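Below you'll find the structure, written out as structure tokens, and then a few comments.
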């Protein structure tokens, strides 16, 4: 397994990421197929080289605790899309999970690195302003968000590689990546949001426009400290982007916490109300 960082010493991406090495939390927000997992992997290596103890927050991992056989019978996945009740439950718990992590690992040598899809109510709660104990921390400069923004050609390369890795996974998590239909749906939702905000397309590609994509995510992250990572070259990877070294922990809910979140949601809202909230995920 390769252990080095693939960015060159003079890379603008490495310089940008280096500014966040002293943060408590660094999160990469973006669509599926823009390179979030690669940047998590590489930033984790950079942080470890600085003596930081790395912890992870990832949508696909965190939601696993909420997808037991019993829960899926009640709230099934449809055409590869996680049920709205599960999406809402995961997001609400994630804020509590971050607060618990911050308290448990209070020593500054610990750093939490993660990814936020946001589109379609996938951890959107982390960037929404909610009146709770963790909001001041999430809004502080101790928490840095990055938006990886690949060019059209780089994005197409990533999507092609993703399709190949789903079909022939070299790591168990590659098989769990969102299928092309979900990737396209997420892009269409972000495009619709950007156009509704008055952002104009800069290209003529129906599949991906970096300008529209960035504008949509800047809107979603308006209450957080955020920088864009403009990516115009394909980076030379060897191992799976999910190959991570020396990870101290991953943010996960236990069975009791999962049960508690669903009990609170079901007591307070009807399924129709939750669906309305997840349909309006972009309201931050």
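Residue numbers (the working numbering): 31 to 314. Heads up, the beta-carbon is just placed ideally off N, CA and C, and yes, glycines get one too. Computed from a predicted structure; not experimentally measured.
**Asked** So what's residue 128 in DSSP terms, helix, strand or just coil?
**Response** helix
**Request:** Please go through the stretch 222 to 300 and give each complete beta strand (DSSP E) segment of 3 or more residues, from N-terminal end onward.
**Result:** 255 to 261, 277 to 280
**Between the CA atoms of residue 71 and residue 32 - distance to the nearest angstrom** = In this prediction, residue 32 scores a pLDDT of 46, lower than 50, which makes its location untrustworthy; the coordinate-derived value is nonetheless stated afterwards. The alpha-carbon atoms of residue 32 and residue 71 are separated by roughly 11 Å.
**Message:** Going by DSSP, what residue range makes up the alpha helix (DSSP H) through residue 91?
**Reply:** 89 to 92
**Request:** Take residue 60 and list the residues in its own chain whose beta-carbon comes closer than 7 Å to its own, dropping the five residues that flank it on each side.
**Result:** 66, 177, 178, 247
**Prompt:** Could you give the residue range of the beta strand (DSSP E) that holds residue 174?
**Reply:** 173 to 180
**Message:** Output needed for residue 92: all residues of its chain with C-beta closer than 7 Å, excluding positions within five of it in sequence on either side, in chain order.
**Reply:** 120, 124, 281, 282
**Span separating the alpha-carbon of residue 191 from that of residue 273** = 16 Å
**Message:** Distance check for residue 157 and residue 50, CA to CA, integer angstroms please.
**Reply:** 18 Å
**Item:** Rounded separation between residue 232 and residue 241 - CA only
**Value:** 6 Å
**Message:** Between 215, 251, 252, 253, which has its C-alpha nearest residue 111's C-alpha?
**Reply:** 215
**Message:** Tell me which residues share the same chain as residue 113 and place their Cβ nearer than 7 Å to its Cβ, disregarding the 5 neighbours each side in the sequence.
**Reply:** 105, 106, 107
**Message:** Let me confirm a value: residue 277 is counted as buried when at least 16 other C-beta atoms fall within 10 Å, else exposed. Which label applies?
**Reply:** exposed
**Asked** Does the stretch 180 to 187 come within contact of the stretch 164 to 171, defined as at least 3 CB pairs closer than 8 Å?
**Response** no
**Asked** Nearest to residue 298 by alpha carbon, out of 133, 146, 115?
**Response** 115
**Request:** Could you work out which residue in 154, 310, 172 is closest to residue 255 when comparing CA atoms only?
**Result:** 172
**Asked** residue 144 and residue 57 look like a contact to me (Cβ under 8 Å); what is the Cβ gap, rounded to whole Å?
**Response** 5 Å
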